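The next block holds one structure in the form of structure tokens; read it before the comments.
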Amino acid sequence: MDPGVEQHLQLSAFKASFILGKFDVTEFVGGVSEKLIAQSKAEAGPFDPQPFIRTFEAAVDKLIAVRKEVQAKTEQMEKSVRVSEREYSKKMNELNRGFEAVGSSFSGMESRMNEVGSTAIRIGEELESVHIERQRAKAAYDIIDFYNQFSKGDTARLDTMRKEGRQGRRQVAILLRRLSTVAKEVDLPSAEKTRENIEKYCEKFEKEMLNLFDRCYRRGDPKMMHNCAQTLLEFNGGNSCIQVYVNQHDFFINNVRETKPDEDKHLWEQIPDPDASPPKTEKGLADLFVEIRATVETEAQIVKAVFPSPPMVMQVFLQRVFAQSIQQHVEQLLHKASTISDLVYLRVLQLVHGQATSLVEDLKAYELSIRVPYGASGGGSAAGGGGTSATMTTMLETAMEELFVPYTEGQRYLERESRSLGTLYTSLLVNFTRYHAKSQKGKASVFDRVVNQLSAAASTTSTGGVQTTSSQAATAILRLGGFSSDKNAEQSGEEPIREEDGQLSVELAEKMLRWHAEAIGRCVELSATNDVAKNTFSLLRVLAEAIGTAYLEEALETELSRLETSDTKSEPSMHALSVLKHVDLVCHLWQQYVNSTLLPLATSSVTVRREMAATNNQTVSRIEGNANQLMHRLIDAVITWLTTQLTKQKRNDFKPKNDDLSFARVNTEPCEACCDMLEKVRDSAKASLSGKNLEVFLTEVGVTFHSLLLEHLRKFPVSATGGLMLAKDIKMYQDTIASFGIPPLTERFEFIRQLGNVFLVRPEILKSYITENYLGRIDPTLLKPYLALRSDWGQFEKGFDDGEPEEGSIAETKGLKDRFGRLSVMMKDLEGLRPESFKFGDSITLGMPTLPSGLTAGFSLGNARPF
1 MDPGVEQHLQ LSAFKASFIL GKFDVTEFVG GVSEKLIAQS KAEAGPFDPQ PFIRTFEAAV
61 DKLIAVRKEV QAKTEQMEKS VRVSEREYSK KMNELNRGFE AVGSSFSGME SRMNEVGSTA
121 IRIGEELESV HIERQRAKAA YDIIDFYNQF SKGDTARLDT MRKEGRQGRR QVAILLRRLS
181 TVAKEVDLPS AEKTRENIEK YCEKFEKEML NLFDRCYRRG DPKMMHNCAQ TLLEFNGGNS
241 CIQVYVNQHD FFINNVRETK PDEDKHLWEQ IPDPDASPPK TEKGLADLFV EIRATVETEA
301 QIVKAVFPSP PMVMQVFLQR VFAQSIQQHV EQLLHKASTI SDLVYLRVLQ LVHGQATSLV
361 EDLKAYELSI RVPYGASGGG SAAGGGGTSA TMTTMLETAM EELFVPYTEG QRYLERESRS
421 LGTLYTSLLV NFTRYHAKSQ KGKASVFDRV VNQLSAAAST TSTGGVQTTS SQAATAILRL
481 GGFSSDKNAE QSGEEPIREE DGQLSVELAE KMLRWHAEAI GRCVELSATN DVAKNTFSLL
541 RVLAEAIGTA YLEEALETEL SRLETSDTKS EPSMHALSVL KHVDLVCHLW QQYVNSTLLP
601 LATSSVTVRR EMAATNNQTV SRIEGNANQL MHRLIDAVIT WLTTQLTKQK RNDFKPKNDD
661 LSFARVNTEP CEACCDMLEK VRDSAKASLS GKNLEVFLTE VGVTFHSLLL EHLRKFPVSA
721 TGGLMLAKDI KMYQDTIASF GIPPLTERFE FIRQLGNVFL VRPEILKSYI TENYLGRIDP
781 TLLKPYLALR SDWGQFEKGF DDGEPEEGSI AETKGLKDRF GRLSVMMKDL EGLRPESFKF
841 GDSITLGMPT LPSGLTAGFS LGNARPF
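Letter by letter, the sequence shown follows residues 1 to 867 in the UniProt record's numbering.
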């Protein structure tokens, strides 16, 4: 065998391949036959397989021998492994038995140790009990001994202990506290004298410790101060020590001012102006709070180093700060503010509240929450003893609440806020009220109504006394404005009333809402959380009476009064539409404010929110009722004037003589006057109204005028040439109404045009004409009154009658005529829609009352346009 082939058949070659994981049969066969392949290629002639056969046969024989060798070694190694496994198992069993023995030994030892431990614990407990009993016995012996010494007036031993330093003074403090307790319990004839001796010694000891604490305080010795404070804590809770520390603090000594601080002149000049922004700070208050913050920051470190119960000391210190320094300054500010006006008082109150809230939040950072030792007492502070945990946060919140209780408890704040709003609104509407009082002569006094409404709204939750005050304030303001309810009162020096004083203004309404929003902001800040909803409701009533009743309704009533007293023969003024425009804008603005600002504040109370919505909607509905009445009165005035113009139509306007003058005219005078008026109505309505309101108004005018024209056309004979004149008038009416942009009206007046054409068509085609288009919807019998006005009616009347139905049908037609009365009734199918109602404002869904029954048309506030 070739040495190269022999090398491939060695066992070591197979081991290396299997270890490396690279054994490949193809590579193995190729390696064995590599040399033979090379020789075969080198030799010429046909392929000779014999060398390959001999080589592979020898290789197979060699591999069989190798396999036998490997198998023998494997069997030998398996036997060795089995022997080793038996030996390993035997050894492990022996080790397990050894471990079990050791575990049993440890368990026994642990049991014995537990027994010894239990015994030791019992012994320790017994020793502790014995020790406690021994201490109690010794303490009782000492108490009895010292009590006997006090009964004899002997205090030498206590004096000696008191001079032994810190530890001695502490022991004396503990003994004196116990002796005081025993002396109160002993009831013997000689006990009174002993009790007096003990009390005198206690007073002497306390005074001595306080003097020592004071000296150390002045020397700046915190360690010795701490020792004195700890001793007095053991003696009587340390209250006296805390009081000495607080009372002698430089902050309280320096803040006892004999003279008033310099006033913030700029603040007091600006704050009475309701249009100026509320102030955020006051110089004296800001300086005081800065000083408090700096003092507390320093004091917190000192208190923690000196006193064993820092939270209690800080609470006593801060209570003194609130009760003395802050309260004194607040009272001075509010007293000065109350002498100016309610608004100034409320703004100052809000200013103080905001600044105090900020101060409290800053002071909470110095929270020293620890367990107060038994017997500690803050001398009236909220940090009581008895082992309770008293935090400075709780004390600060309580102090903050107590600071403002005198000004906000009960209805005090709300009464003043309501009174302030009522006074401001009354003052703002002085000239407006004067103007409308003179415009509504013969009606109930506007002065009395405004005063009663505003004062009642401002005092809804108040007592009768406050109502009187509010009413008097409103009365005084109106009188200062030059207006008196007394008809015979002299008004010398009164300012002249201007036309603009009585006009509605969005800017003035915005001012009223700004004032109210400021009041609501104070209400949310100063009212208790549970009272915010009902207080907001009370302020809403004030606003509703002011802006709804005293402002909008007053303007509507004045305009209605003007229309009612105006001369029907003169052309009506369209000023009412301008009033309605401003009412719409103001009311929409007001409702947006109510929906976005006031109602969300009542979400905590479903009942209050429902009442707020109902009250608001009732006020809006009342304004809508007045607007409806004004709108109908304006439409009536327009229609009355149009009717008057139509009555000026001459009998022969549509039956003219054949002269050049008649044909030279384009339209008749009544037609021109009516169209001119309709154009004014259209222009004024489009300038003041929009959306559905505009459509409803113009539709009502157009529908009513359409009925007038139908009646009007039945009164005048028409000749062949006069039909042209009539057609010109109708065309002008139709063009004018078409400019309204209302499709139903366009259809109506298209019918009028076709009805006018019956005077132009030839007799032979008349019957077919009236059965087509719009006229085909009308029973021909109802058209006879118009056809009879033709000058040639007599020539074809009989032929027209020949086409009528039999007697029964005639009776039926007559019944139909009686039923509808007039031709305009037959036009309902051309009407499209009848005006529903005019609305003001976006209604609130909660408790929204419906409009009064019987209103077929009304005005809608706020739905017509987005604001």
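Beta carbons are placed, not taken as given, at the ideal position from N, Cα and C, and that holds for glycine.
Fair warning: this is a prediction, and the values are worked out from it, not measured in the lab.
Item	Value
Just to confirm, are D264 and E291 a CB contact at a threshold of 8 Å?	no
Is the region 692-699 in contact with the region 748-765, if contact means three or more CB pairs nearer than 8 Å?	no
So what's V761 in DSSP terms, helix, strand or just coil?	coil
Check whether the Cβ atoms of N667 and K715 sit closer than 8 Å, and answer yes or no.	no
Round the Cβ separation of L577 and S688 to the nearest angstrom and send it over; I've been treating them as touching at under 8 Å.	4 Å
Answer yes or no: do G675 and L646 have a C-beta to C-beta separation smaller than 8 Å?	In the sequence under discussion, the amino acid at residue 675 is Cys, which differs from the Gly named in the question. No.
Could you give the DSSP three-state label for V718: helix, strand or coil?	strand
Of the choices F751, G722 and T721, whose alpha-carbon is the least far from that of L709?	F751
Going straight from the alpha carbon of L513 to that of T529, what length do you get?	23 Å
Measuring only the C-alpha atoms, how far is A140 from P310?	33 Å
Who are R67's beta bridge partners in DSSP?	Looking at the DSSP assignment, R67 forms no beta bridge with any residue, so it has no partner.
Residues bridged to R790 by DSSP?	V718
Identify every run of the alpha helix (DSSP H) within the region 23-101, keeping only runs that are complete inside it and at least 4 residues long; order them along the chain.	25-42
Buried or exposed, going by whether 16 or more other CB atoms sit within 10 Å of the CB of S84?	exposed
Taking all protein chains shown into account, do 16 or more other C-beta atoms lie within 10 angstroms of the C-beta of K655, making it buried, or fewer, making it exposed?	buried
Between the region 694-703 and the region 717-727, can you find at least three pairs of beta-carbon atoms closer than 8 Å?	no
So what's Q440 in DSSP terms, helix, strand or just coil?	coil
How far does the alpha helix (DSSP H) with T211 in it reach, from first residue to last?	Before going further, note that residue 211 is Asn rather than Thr in the sequence given. A191 to R219 is the span of the alpha helix (DSSP H), which, as asked, contains N211.
So, does the CB of A156 fall closer than 8 Å to a CB anywhere in chain C?	In the structure shown, chain C does not exist; there is a single protein chain.
For P600, which of helix, strand or coil comes out of DSSP?	helix
With DSSP collapsed to three states, give me the class of E518.	helix
Check whether the Cβ atoms of L589 and A519 lie closer than 8 Å to each other.	no
Taking 7 Å as the limit between beta carbons, can you name the residues of its chain near V5, skipping five residues before and five after?	V32, T55 and A59
Do you know how far the Cα of R622 is from the Cα of N628?	10 Å
With respect to the alpha helix (DSSP H) encompassing H335, which residues constitute its N-terminal and C-terminal limits?	Q327 to S338
If you drop the 5 nearest sequence neighbours on each side, which residues of the same chain put their C-beta closer than 7 Å to that of M161?	G168, Q171 and V172
Does DSSP put E836 in a helix, a strand or coil?	A caution first: E836 carries a pLDDT of 47, below 50, which makes its placement in the model too unreliable to give a value.
The alpha helix (DSSP H) spanning D362 covers which residue range?	D342 to L363
Express the C-alpha separation of K163 and E206 in angstroms, rounding to a whole number.	14 Å
If I follow the unbroken alpha helix (DSSP H) through M314, where does it start and stop?	P310 to R320
Exposed or buried, what is F106 when buried is set at 16 or more other beta-carbons lying within 10 Å of its beta-carbon?	exposed
Tell me which residues share the same chain as A191 and place their Cβ nearer than 6 Å to its Cβ, disregarding the 5 neighbours each side in the sequence.	none
Could you give the distance in angstroms between the alpha-carbon of L643 and the alpha-carbon of L580?	A small correction: the amino acid at residue 643 is Thr; Leu does not occupy that position in the sequence shown. The alpha-carbon atoms of T643 and L580 are separated by roughly 25 Å.
Along the alpha helix (DSSP H) that carries T647, what are the first and last residues, could you check?	That residue, T647, is in no alpha helix (DSSP H); it is neither H nor E in DSSP.
Expressed to the nearest angstrom, what Euclidean distance is found between the alpha-carbon atoms of A550 and A365?	51 Å
Taking the alpha-carbon of I737 as reference, which of L36, R219, E679 and L210 has the nearest alpha-carbon?	E679
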